[in-house]
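Trainee: Sharing a structure, written as structure tokens. Questions coming.
In this note's numbering, the protein residues as written are 3 to 168.
What follows is the structure, encoded as structure tokens:
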């Protein structure tokens, strides 16, 4: 899927440039595998949780399978992640965050790809991004940087949060 490919481009450009060569290779491998996924050969689930600042303890608010425009455009969220700017002034630590887990599974190989995004409760920035795959040859990647959300992303994330809390 083009959108997921752009997410990995974002990660390669902003978060992994200073990392070890093996991390760069891992992200490139993820990108190559994700390029092959599309709506015909994969399934995408989105799970939203209210969680602590580390994303370790929280409650699931709701979920969607292959979400569409009526609940916020998850595809646009992934597509626009490559255009985010790093937060210059460190934001205050909120009481909780929203975690969005976007899981894609290839229907043929059954490989899975998980992207976890931690968003502040005011929906103004992303706290961190975590990427994993069921491919045991690949290591997970976590980028611990704060990124400002665009107005489009704020709107889409708010729509998804509103739809799962109804």
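No residue lacks a Cβ here, since even glycine has one placed at the ideal position from N, Cα and C. Remember, predicted model here, so these are calculated numbers, not experimental data.
(1) Can you name, in chain order, every residue of its own chain whose Cβ lies under 8 Å from the Cβ of residue 124, other than the five neighbours on each side?
(2) What is the DSSP secondary structure of residue 148, counted as helix, strand or coil?
(3) With which residues is residue 50 paired in a DSSP beta bridge?
(4) With 16 other CB atoms within 10 Å as the buried threshold, where does residue 118 fall?
(5) Is the segment 152 to 160 touching the segment 53 to 65, taking contact as three or more C-beta pairs under 8 Å?
(6) Can you tell me the Cα-Cα spacing of residue 122 and residue 136, whole angstroms?
(7) Identify whether residue 158 lies in helix, strand or coil by the three-state DSSP scheme.
(8) Taking the CB atoms as reference points, tell me whether residue 166 and residue 59 lie closer together than 8 Å.
(9) Residue 106 to residue 113, Cα distance in whole Å?
(10) Which residues share a DSSP beta bridge with residue 116?
(11) Let me check one thing: in DSSP terms, what residues is residue 88 bridge-paired to?
(12) Just to confirm my understanding: we take residue 88, look at its own chain, exclude 5 residues before and 5 after, and list those with CB closer than 8 Å. What are they?
Mentor: With the structure as the only source:
(1) 96
(2) coil
(3) 64, 102
(4) buried
(5) no
(6) 28 Å
(7) helix
(8) no
(9) 8 Å
(10) 105, 134
(11) 149
(12) 16, 147, 148, 149, 150
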